[in-house]
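Residue numbers (UniProt numbering): 1 to 129.
Glycine residues also receive a C-beta, built at the ideal position from the N, C-alpha and C atoms.
Nothing here was measured: the structure is a model prediction, and the numbers come from that model.
Working notes, beginning with the structure itself.
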Amino acid sequence: MKGKDIMNQPAITFKTNDTLAHALKIMNKKNINGAPVIDENNELAGMVVKADLYRFLISPGHYDSCPLEWVMTKDVITSNKDEDILTISKRLRNNNIVAMPIVEGKKVLGMISFEDIIDYFIKKQDIAD
């Protein structure tokens, strides 16, 4: 099974100049903990997660009107659509992350999380029973 078979697509993405308030509102509404951030060329520029946003906001002088570019992780761990689920799982685990973008070049195709992988194995087990 490949990443493309279980990834969530299209991925919910944000622009680098979107505000923290906007990102938090959408993440809460969509019940997600993180999302890729794309630039003006719709290419992956970073990744933002709720925990980072909250840590940023508790510091004096930081506001929810700040752009995501100030907070996002710029060195993003990614996968490609044709990688097998075991390889993706190991990358998530080895980097202590819960989700990552599936990309083709610098274009975001979707997202894959440890929940997606667990759901895949549960379904696979249910079919075998």
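Across the segment 20-29 and the segment 56-67, are there enough close Cβ pairs to call them in contact, namely three or more that are closer than 8 Å? Taking 8 Å as the limit for Cβ pairs, the verdict is that the segment 56-67 does touch the segment 20-29.
So, with DSSP's three-state summary, where would you put N8? Strand, per DSSP.
Which residue's Cα is closest to the Cα of A11: Q125, G110, I127, I122? Among Q125, G110, I127, I122, the Cα nearest to that of A11 is on G110.
Work out the CA separation of E115 and K29 for me, nearest whole Å. The C-alpha of K29 lies about 18 Å from the C-alpha of E115.
Is the segment 1-16 close to the segment 25-44, with three or more CB pairs under 8 Å? Touching, per the Cβ criterion.
Take I117 and list the residues in its own chain whose beta-carbon comes closer than 8 Å to its own, dropping the five residues that flank it on each side. Excluding sequence neighbours, I117 sits near I6, I85, I88, S89, L92.
Between the CA atoms of H62 and I112 - distance to the nearest angstrom: When only Cα atoms are considered, I112 and H62 end up about 30 Å apart.
Using alpha carbons as the reference points, say which of V98, K106, N80, F56 lies closest to N42. The residue with the shortest Cα to Cα distance from N42 is K106.
State the start and end residues of the unbroken alpha helix (DSSP H) segment that holds K50. Run containing K50: 50-57, per the alpha helix (DSSP H) assignment.
Expressed to the nearest angstrom, what Euclidean distance is found between the alpha-carbon atoms of F56 and N95? Taking C-alpha positions only, F56 is separated from N95 by approximately 22 Å.
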